[in-house]
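Residue numbers (this note's numbering): 584 to 719.
All residues carry an ideal CB built from backbone N, CA and C; glycine is no exception.
Since the structure is predicted, the reported quantities are computational estimates derived from the model, not experimental observations.
Listed below in structure tokens is the structure:
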């Protein structure tokens with residue numbers, strides 16, 4: 584509820600339990616923009632920790648409500664990798680990220696593109712860090 588008030592969202596669905604129940608919800612849903620931020624945050628270490636820039640978000644779809652106490656997980660699929668047409672030392676990675684609840688139901692899905700430095704342009708002694716157990 585604090586996220587909703589901090590962001591000045593006036594929709595009573597996110598701060599009025601009686602109103603939410605009258606609309607058929609078992610309780611107040613979590614503000615979907617907070618859900619987006621949590622799912623995005625779960626993907627940062629795997630996808631964009633080495634990003635130089637986020638180029639945009641597309642096809643953001645909020646598919647199911649999320650409630651306090653739900654557990655969220657995130658998985659991402661690389662849809663396309665291409666060279667930057669304006670910067671030969673950089674590449675663009677297009678990914679689709681899905682957020683799931685504890686029942687495996689997809690609650691959110693979006694696509695984004697990130698600008699990354701190409702591996703061949705890292706100095707040999709300064710290669711990007713790899714997560715423990717990651718494939719080489």
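- C-alpha gap between residue 618 and residue 691, whole angstroms: Residue 618 and residue 691: Cα-Cα distance of roughly 8 Å.
- Query: Would DSSP call residue 636 helix, strand or coil?
  - Reply: Residue state for residue 636 is assigned as strand, using DSSP reduced to three classes.
- Can you tell me whether DSSP reads residue 655 as helix, strand or coil? Coil at residue 655, not helix or strand.
- Assuming residue 700 contacts residue 665 under a Cβ cut-off of 8 Å, what Cβ separation, rounded to an integer in Å, is found between them? Contact between residue 700 and residue 665 fails: their C-beta atoms lie close to 14 Å from each other, not under 8 Å.
- Contacts around residue 653, its chain only, beta-carbon distance under 7 Å, and the 5 residues preceding and following it disregarded: Same-chain partners within the cutoff: 684, 685.
- Task: Starting from the C-beta of residue 596, find all residues in its chain whose C-beta is less than 8 Å away, skip the five residues before and the five after it, and write them out in chain order.
- Result: Correct list, in chain order: 602, 603, 606, 608, 611, 612.
- Message: Going by DSSP in three states, residue 595 sits in which element: helix, strand or coil?
- Response: Helix at residue 595.
- 3 or more residues per run - each beta strand (DSSP E) lying fully within the segment 652-703: If we require 3 residues or more, the beta strand (DSSP E) runs fully inside the segment 652-703 come out as 656-666, 673-683, 689-700.
- Message: Please classify residue 624 as buried or exposed, where buried requires at least 16 neighbouring CB atoms within 10 angstroms.
- Response: With fewer than 16 other Cβ atoms from the protein chains shown falling within 10 Å of its own Cβ, residue 624 counts as exposed.
- Task: Whole angstroms is fine: what's the gap from residue 635's alpha carbon to residue 675's?
- Result: As the crow flies, the alpha-carbon of residue 635 is around 10 Å from that of residue 675.
- Cα-Cα separation between residue 639 and residue 693, rounded to whole angstroms: Between the alpha carbons of residue 639 and residue 693 lies a distance of about 11 Å.
- Task: Could you tell me if residue 646 is buried or exposed, where buried requires 16 or more neighbouring beta carbons within 10 angstroms of its beta carbon?
- Result: Classification of residue 646: exposed, given that the 10 Å Cβ count is below 16.
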